[in-house]
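K.L.:
Just dropping this structure here.
Numbering (our numbering), first residue to last: 132 to 421.
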């Protein structure tokens, strides 16, 4: 990959629930010298995408006067890309079942609202078992200690609302327009971009070797992990946790590719059947390899 785009999910919406607020974004692009350049702003303001759709991404690159090569681009998304095996049984197996889920999200609303916490909770309750309090988790969530997409509390760890927003954006295009890792594998003739599920907290631990997300230390930790890279400005990253998350996601993609752990995080991953039915988290090592 020569372009990594980190996108921090947000569940924030307008008061009427009709529109979702822009997505904090960071672009990492490989230079001819081999070094990486990170872009965090546009016209002096934090870089954001109004929606996660191809035409919006294309317009952003045009404004930044950057070349966009889809087949060499990977989006690292702070959202869930997969469902637990016990709730995905009835979904198609011939292609990534997530596209059916994305399409369902695109056409879903609740009480006149298109986005927001209540809409997302109603949408995902479709797959919940009747027993209250039972939140099925994917194998990778059990390994990483992450919350299930079905959990809405504590609110600070609610990934459901932001995941619904990303799914809705993906499905609104009307057809598959990206490849989904690890459900699909890298091929020589792939023309589409890729999307990866990534968690900033895991990248802080795995790539930056930091147990805490201290923004004051981020610059130094990144320089230690990748000594040579360029960045337009640190000011948005050091002021905003959301912008920092988008940067960390893009940085994690660059770092893991350099370590040859982007496509295969660890040796036992390739033999883990749950990974190819439920999805996996960028950089997460299989428990057999820890």
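Every residue, glycine too, gets a C-beta built ideally from N, C-alpha and C.
What three-state label does DSSP hand residue 329 in the structure shown?
P.N.:
If DSSP states are grouped into helix, strand and coil, residue 329 belongs with coil.
K.L.:
By how many angstroms is the C-alpha of residue 209 removed from the C-alpha of residue 277?
P.N.:
Rounded to whole angstroms, residue 277 to residue 209 spans 12 Å at the Cα level.
K.L.:
Taking only the alpha-carbon atoms, compute the straight-line gap between residue 282 and residue 293 and give it to the nearest angstrom.
P.N.:
The alpha-carbon atoms of residue 282 and residue 293 are separated by roughly 12 Å.
K.L.:
Alpha carbons only, please: which of 182, 163, 374 and 314 is nearest the one belonging to residue 152?
P.N.:
If we check each option's Cα against that of residue 152, 182 comes out closest.
K.L.:
By the three-class DSSP mapping on this structure, what secondary structure does residue 204 have?
P.N.:
Note: residue 204 maps to strand in three-state DSSP.
K.L.:
Run the CB neighbour count on residue 288, radius 10 Å, all protein chains shown included, and call it buried at 16 or more, exposed below.
P.N.:
Exposed.
K.L.:
Is it the case that the Cβ atoms of residue 139 and residue 377 are separated by a distance below 8 Å?
P.N.:
Yes, they are a contact pair.
K.L.:
Of the residues 370, 350, 351 and 315, which one's Cα is nearest the Cα of residue 394?
P.N.:
Among 370, 350, 351 and 315, the Cα nearest to that of residue 394 is on 315.
K.L.:
Going by DSSP, name the residue or residues bridged to residue 136.
P.N.:
Paired residue(s): 158 and 206.
K.L.:
Answer yes or no: do residue 169 and residue 362 have a C-beta to C-beta separation smaller than 8 Å?
P.N.:
Closer than 8 Å, so yes.
K.L.:
Note the first and the last residue of the continuous beta strand (DSSP E) segment covering residue 168.
P.N.:
Element bounds for residue 168: 167–170.
K.L.:
Can you say whether residue 477 is buried or exposed, counting buried as having 16 or more other CB atoms within 10 angstroms of its CB?
P.N.:
The chain is shown only over 132 to 421; residue 477 falls outside these bounds and no answer can be derived.
K.L.:
Would you please state the rounded distance, in angstroms, between the beta carbons of residue 247 and residue 414? I believe it to be under 8 Å.
P.N.:
With a Cβ gap of about 30 Å, residue 247 and residue 414 do not count as contacting.
K.L.:
Please report the Cβ distance between residue 211 and residue 328, rounded to the nearest whole angstrom; I am assuming they are in contact, meaning their Cβ atoms lie under 8 Å.
P.N.:
Confirmed, Cβ separation roughly 6 Å.
K.L.:
DSSP state of residue 401, grouped into three classes?
P.N.:
Correct three-state label for residue 401: helix.
K.L.:
Between residue 177 and the rest of its own chain, which residues show a CB-CB distance below 8 Å, the 5 nearest in sequence each way excluded?
P.N.:
These residues qualify, in order along the chain: 155, 171, 367, 371 and 374.
K.L.:
Might you give, ordered along the chain, the residues of its own chain that have their beta carbon closer than 8 Å to the beta carbon of residue 381, omitting 5 neighbours on each side?
P.N.:
Here the set comprises 135, 136, 137, 157, 158, 159, 169 and 207.
K.L.:
My parser needs the alpha helix (DSSP H) runs of 4 or more residues fully inside the region 253–308; what are they?
P.N.:
Listed in chain order, the complete alpha helix (DSSP H) runs (minimum 4 residues) inside the region 253–308 are 270–275 and 291–302.
K.L.:
For residue 412, which option in 174, 265 and 275 has the closest C-alpha, if you only look at C-alpha atoms?
P.N.:
Nearest C-alpha to residue 412: 275.
K.L.:
Report the residue from 253, 339 and 324 whose alpha carbon sits nearest the alpha carbon of residue 330.
P.N.:
Cα-wise, what sits closest to residue 330 is 339.
K.L.:
Under the three-state reduction of DSSP, which class applies to residue 388: helix, strand or coil?
P.N.:
Here residue 388 sits in helix by DSSP.
K.L.:
Identify whether residue 244 lies in helix, strand or coil by the three-state DSSP scheme.
P.N.:
Strand.
K.L.:
Opposite residue 360 in the DSSP bridges: which residues?
P.N.:
Bridge partners of residue 360: 167.
K.L.:
What is the C-beta distance between residue 230 and residue 324, in whole angstroms, given that I count them as a contact (C-beta under 8 Å)?
P.N.:
Not confirmed; about 15 Å, so no contact.
K.L.:
Along the alpha helix (DSSP H) that carries residue 195, what are the first and last residues, could you check?
P.N.:
Note, residue 195: alpha helix (DSSP H), 185–195.
K.L.:
Using DSSP's beta-bridge definition, name the partner residues of residue 151.
P.N.:
Note: residue 151 sits in a beta bridge opposite 144.
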